[in-house]
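Asker: With our numbering as the guide, the letters of the sequence shown map in order to residues 16 to 472.
The C-beta atom is built at its ideal place from N, Cα and C for all residues, glycine as well.
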Amino acid sequence: MAHKDTLFLLIPTNGEAEAALNLPANSRYVSSFSSLSPRGLEVGFHVTSVPSRVLATVGRKGDLTLQGSSVSRTHVAFEMHPDTLVVRLSVKAKGAKTVTVHRQIGAQPGVVEGDCVLTYGVEYGLTIAQYTFRVSWKPISPEALRDLAIAGYRDSRGRQNEVDLRDWPTEPPLQKRPWYEVRCDAPGITGPRFREAAGTLREKVGRGASASVYRAVDEESGHAFAIKAVARKTPAEALPISDRFKHEVNILSELKHENIIKLLGHAELPNGTIEIHLPLRPGNLRSIITSPNWRQEDDDKLCKSTMSQMLCALDYLAVYGLCHRDVKPENILCLPLPAGGHRFELADFELAVHISKAEGHCGTKTYQAPESHPSGKFPQSPKMDVWSLFATIADIHHRFDEFPPPSNASYSNVRRSIVAIAQVWPTFADMVQENPDLRVSAAELLLTNFDGEGLTT
16 MAHKDTLFLL
26 IPTNGEAEAA
36 LNLPANSRYV
46 SSFSSLSPRG
56 LEVGFHVTSV
66 PSRVLATVGR
76 KGDLTLQGSS
86 VSRTHVAFEM
96 HPDTLVVRLS
106 VKAKGAKTVT
116 VHRQIGAQPG
126 VVEGDCVLTY
136 GVEYGLTIAQ
146 YTFRVSWKPI
156 SPEALRDLAI
166 AGYRDSRGRQ
176 NEVDLRDWPT
186 EPPLQKRPWY
196 EVRCDAPGIT
206 GPRFREAAGT
216 LREKVGRGAS
226 ASVYRAVDEE
236 SGHAFAIKAV
246 ARKTPAEALP
256 ISDRFKHEVN
266 ILSELKHENI
276 IKLLGHAELP
286 NGTIEIHLPL
296 RPGNLRSIIT
306 SPNWRQEDDD
316 KLCKSTMSQM
326 LCALDYLAVY
336 GLCHRDVKPE
346 NILCLPLPAG
356 GHRFELADFE
366 LAVHISKAEG
376 HCGTKTYQAP
386 ESHPSGKFPQ
396 SPKMDVWSLF
406 ATIADIHHRF
416 DEFPPPSNAS
426 YSNVRRSIVA
436 IAQVWPTFAD
446 MVQENPDLRV
456 SAAELLLTNF
466 DGEGLTT
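1. Report the partner residues of GLY125 according to the DSSP bridge assignment.
2. Excluding sequence positions up to five away, which residues of its chain have a Cβ less than 7 Å from the Cβ of ALA362?
3. Of all the options LYS107, HIS117, GLN82 and GLY136, which has the alpha carbon lying nearest to the alpha carbon of GLN145?
4. Reducing DSSP to helix, strand and coil, say where GLU468 ends up.
5. If you draw a straight line from the alpha carbon of PRO188 to that of TRP194, how long is it in whole angstroms?
6. Taking 8 Å as the cut-off, decide whether the C-beta atoms of TYR135 and HIS117 are in contact.
7. Given a cut-off of 8 Å on the beta-carbon distance, is the pair ARG285 and PHE148 in contact?
8. Hey, could you find the ends of the alpha helix (DSSP H) LYS319 is sitting in?
9. For SER268, does the three-state DSSP call read helix, strand or coil?
10. Whole-angstrom Cβ separation of GLY469 and CYS327, contact assumed at under 8 Å?
11. Taking three-plus beta-carbon pairs below 8 Å as touching, is the segment 205 to 218 in contact with the segment 57 to 69?
12. Tell me whether the beta-carbon of PRO389 lies closer than 8 Å to the beta-carbon of ILE370.
13. Helix, strand or coil for PRO39? Go by DSSP, reduced to three states.
14. For the candidate residues ALA444, GLY125 and THR381, whose alpha-carbon lies nearest to that of ALA424?
15. Would you kindly check if the distance between the Cβ of THR407 and the Cβ of VAL455 is under 8 Å?
16. Rank GLU459, THR463 and ILE204 by C-alpha distance to the C-alpha of THR472 and give the top, closest one.
17. Tell me whether the segment 401 to 416 and the segment 428 to 448 touch, counting them as touching only if at least three CB pairs, one residue from each stretch, are closer than 8 Å.
18. Using DSSP bridges, identify the partner residues of TRP309.
19. Let me confirm a value: ASP466 is counted as buried when at least 16 other C-beta atoms fall within 10 Å, else exposed. Which label applies?
20. What is the rounded straight-line gap between the Cα of VAL126 and the Cα of VAL58?
21. Compute the Euclidean distance between the alpha carbons of ILE242 and ALA34, then round it to the nearest angstrom.
22. For THR89, tell me which candidate among LYS19, LEU79, TYR335 and VAL228 has the shortest Cα-Cα distance.
23. Could you check if ALA32 is buried or exposed, using at least 16 other CB atoms within 10 Å of its CB as the buried criterion?
24. Per DSSP, what are the beta-bridge partners of HIS292 in this structure?
25. Please determine if the segment 317 to 335 and the segment 211 to 223 are in contact, where contact requires at least 3 C-beta pairs separated by less than 8 Å.
26. What residues in its chain sit with their C-beta under 7 Å from that of ALA443, if we drop five residues either side in the sequence?
27. To the nearest angstrom, how far is it from the Cα of ALA17 to the Cα of GLY77?
28. Out of ALA40, PRO154, LEU366 and LEU300, which has the shortest C-alpha to C-alpha gap to LEU51?
29. Excluding the 5 residues flanking LEU180 on each side, which residues of the same chain have their C-beta closer than 7 Å to its C-beta?
30. Starting from TRP194, follow the alpha helix (DSSP H) in both directions and report where the run begins and ends.
31. Going along the chain, which unbroken runs of the beta strand (DSSP E) with 3 or more residues stay wholly within the segment 356 to 439?
32. Among CYS199, PRO344 and PHE240, whose alpha-carbon lies nearest the alpha-carbon of ARG301?
33. Measuring alpha carbon to alpha carbon, tell me which residue in THR99, GLU449, ARG431 and ALA244 is nearest HIS238.
34. Which residues bound the beta strand (DSSP E) around PRO27?
35. Using CA coordinates, which residue listed in ILE433, VAL86 and CYS131 is at the minimum distance from GLU94?
Here it is in structure tokens:
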């Protein structure tokens, strides 16, 4: 019978794989889940020769042995992703095409060459060089499989302290660039560059008026990324919102700036709705100041950093004649930096338009420039976003704790509050001039307050 920590068996499906079960080096890991089920090679944290995130390696010199000149010393490894806690097949041989994975049952059928996530409970066909196997999971629920894998992973990591560092398996080198940027720039990829791992569960991490944001798992790497999806009650409601999503995709696909969220891709579902793929961020400007660990004495530093980075983003948009039209704390995502502080990225471009089409009521009342309100008498321009940024900074700084007014306050009350703040904050008072012609631009603010650093113009 299989070892209690076995997650799945590699069941042979051709003669070469069947012969591998009879190799002396594999004998201790050959078993079955019952007397009536076929034998296979065990994969679990009890198999790995050295405690780590690797469940088992396969190759001429692997934990599980396969022979032949077409097999590398370590051809593949079954690994636990330390963040998303999924099981991943990682190809270690030079030729990724020597390994193919066929999804068979429990998820949309498909074929993957090279690295991929193995979803708990989903059956796969696996080809390694001339060997073919079927992945047969322990006959328990997917949730129980995940719990078993996590328990084994934690135990394995705990045992690393007992092992000489020289005996640890070599971890992949840390990338200086984010994994998704490397993927985006990789040549020769046809079709979508990012796919959600079939059968994995999404975790909702945010929700707005028209969309929800989910934490999803990338099929190839096992890394987490974000999917922005229509929040709807009926399929009919999805189509008008989906048109806005297509507009957002078109806008984001043309933008490339470190302070604007990067578009990774999108998918159109059978019902016609659009899902947008984005890098996953741990929070936004609002979540920083509402964190239990946040100290009000750090507000000045946070606001200065937010102001400078968002002015860079707004100046970039202005150069291309674009208005975001919904700048607010929830739409400014944050990425903690290793040296401290954050990189801020402007997100949610559903309402963004070219200046030639900028008209009509838009944005969120607390942060609206007068020209974006129905009572506005001036044309809309990129300077409307400068007003919104001022209101955003006023919102997050404890010095202005009376702003914003209650949610049921009229827009005229919101404007009066903004004017009152401008009177005690003269350095940036010109950001909220009612007449956009008198209002300072993002470029002018960068020049006068930040030595022009980050200017696009």
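Answerer: Taking the geometry as given:
1. Working through the sequence shown from its first residue, we reach residue 125 at position 110. Beta-bridge pairing links GLY125 to ARG118.
2. Numbered from 1 along the sequence shown, position 347 holds the residue referred to as residue 362. Counting only Cβ-Cβ distances below 7 Å, and skipping sequence neighbours, we find ILE276, ASN346 and LEU348.
3. Numbered from its first residue, the sequence shown carries residue 145 at position 130. Ranking LYS107, HIS117, GLN82 and GLY136 by CA distance to the CA of GLN145 puts GLN82 first.
4. Taking the first residue of the sequence shown as 1, we reach residue 468 at position 453. Here GLU468 sits in coil by DSSP.
5. Numbered from 1 along the sequence shown, position 173 holds the residue referred to as residue 188. Numbered from 1 along the sequence shown, position 179 holds the residue referred to as residue 194. Because the pLDDT of PRO188 is 49, which lies under 50, any placement of that residue in the model is unreliable, and the number read from its coordinates should be weighed accordingly. One C-alpha to the other measures close to 12 Å.
6. Stepping through the sequence shown from its first residue, residue 135 is reached at position 120. Stepping through the sequence shown from its first residue, residue 117 is reached at position 102. No; because the gap between Cβ atoms is not below 8 Å, this pair is not in contact.
7. The residue given as residue 285 occupies position 270 in the sequence shown. The residue given as residue 148 occupies position 133 in the sequence shown. Inspection of the sequence shows that residue 285 is occupied by Pro rather than by Arg. If you check the CB distance, PRO285 and PHE148 do not come in under 8 Å.
8. Counting from one through the sequence shown, the residue named residue 319 turns up at place 304. Here the alpha helix (DSSP H) through LYS319 covers 314 to 334.
9. As a position in the sequence shown, residue 268 is number 253, starting the count at 1. The answer is helix: DSSP assigns SER268 an H, G or I state.
10. Sequence index remark: in the sequence shown, residue 469 carries index 454 (1-based). Sequence index remark: in the sequence shown, residue 327 carries index 312 (1-based). Correct: roughly 4 Å between the Cβ atoms.
11. Because the criterion of three Cβ pairs below 8 Å is not met, the segment 205 to 218 and the segment 57 to 69 do not touch.
12. Walking along the sequence shown from the start, residue 389 turns up at place 374. Walking along the sequence shown from the start, residue 370 turns up at place 355. Contact flag unset, no.
13. Residue 39 sits at position 24 when you count from the first residue of the sequence shown. Helix, per DSSP.
14. Locating residue 424 in the sequence shown gives position 409, where the first residue counts as 1. Nearest C-alpha to ALA424: THR381.
15. Position 440 of the sequence shown, counted from the first residue, corresponds to residue 455. Position 392 of the sequence shown, counted from the first residue, corresponds to residue 407. Going by C-beta atoms, VAL455 is not nearer than 8 Å to THR407.
16. As a working note, residue 472 is residue 457 in the sequence shown. Per the C-alpha coordinates, the member of GLU459, THR463 and ILE204 positioned closest to THR472 is GLU459.
17. Output reads yes: the segment 428 to 448 touches the segment 401 to 416.
18. Along the sequence shown, read from residue 1 onward, the residue named residue 309 stands at position 294. Bridge partners of TRP309: none, in fact.
19. Taking the sequence shown and counting its residues from 1, the one referred to as residue 466 is at position 451. By the C-beta density criterion, ASP466 is exposed, having fewer than 16 other C-beta atoms within 10 angstroms.
20. Reading the sequence shown from its first residue, position 111 is the one you call residue 126. Reading the sequence shown from its first residue, position 43 is the one you call residue 58. The alpha-carbon atoms of VAL126 and VAL58 are separated by roughly 22 Å.
21. Working through the sequence shown from its first residue, we reach residue 242 at position 227. Working through the sequence shown from its first residue, we reach residue 34 at position 19. In a straight line, the C-alpha of ILE242 is about 44 Å away from that of ALA34.
22. Translated into positions along the sequence shown, residue 89 becomes position 74. Residue LEU79 is the option with its Cα nearest to THR89.
23. Locating residue 32 in the sequence shown gives position 17, where the first residue counts as 1. ALA32 comes out buried.
24. For the purposes of this step, residue 292 is identified with residue 277 of the sequence shown, where counting begins at 1. For HIS292, which the question treats as bridged, DSSP gives the partners ILE242 and GLY280.
25. Output reads no: the segment 211 to 223 does not touch the segment 317 to 335.
26. Locating residue 443 in the sequence shown gives position 428, counting from the first residue. The displayed chain sequence assigns Phe, not Ala, to residue 443. The residues are PHE405.
27. The residue you call residue 17 lines up with position 2 of the sequence shown. The residue you call residue 77 lines up with position 62 of the sequence shown. Rounded to whole angstroms, ALA17 to GLY77 spans 19 Å at the Cα level.
28. To locate residue 51, count along the sequence shown from 1; it is residue 36. Out of ALA40, PRO154, LEU366 and LEU300, PRO154 has the C-alpha closest to the C-alpha of LEU51.
29. On the sequence shown, position 165 is the one that residue 180 refers to. Caution is warranted here: a pLDDT of 42 is assigned to LEU180, below 50, making its placement in the model unreliable, and the coordinate value is therefore given only provisionally. Closer than 7 Å at the Cβ level, and outside the excluded window around LEU180, lies no residue.
30. In the sequence shown, the residue the question calls residue 194 occupies position 179. 194 to 200 is the extent of the alpha helix (DSSP H) around TRP194.
31. For the segment 356 to 439, whole beta strand (DSSP E) runs of length 3 or above, ordered along the chain, are 357 to 361.
32. The residue labelled residue 301 in the question sits at position 286 within the sequence shown. For the set CYS199, PRO344 and PHE240, the Cα lying nearest the Cα of ARG301 is the one of PRO344.
33. The count along the sequence shown starts at 1 and reaches residue 238 at position 223. Measuring from the Cα of HIS238, the nearest candidate turns out to be THR99.
34. Here residue 27 refers to the residue found at position 12 of the sequence shown. Note, PRO27: beta strand (DSSP E), 23 to 27.
35. By one-based count along the sequence shown, residue 94 stands at place 79. Of the residues ILE433, VAL86 and CYS131, the one whose Cα lies closest to the Cα of GLU94 is CYS131.
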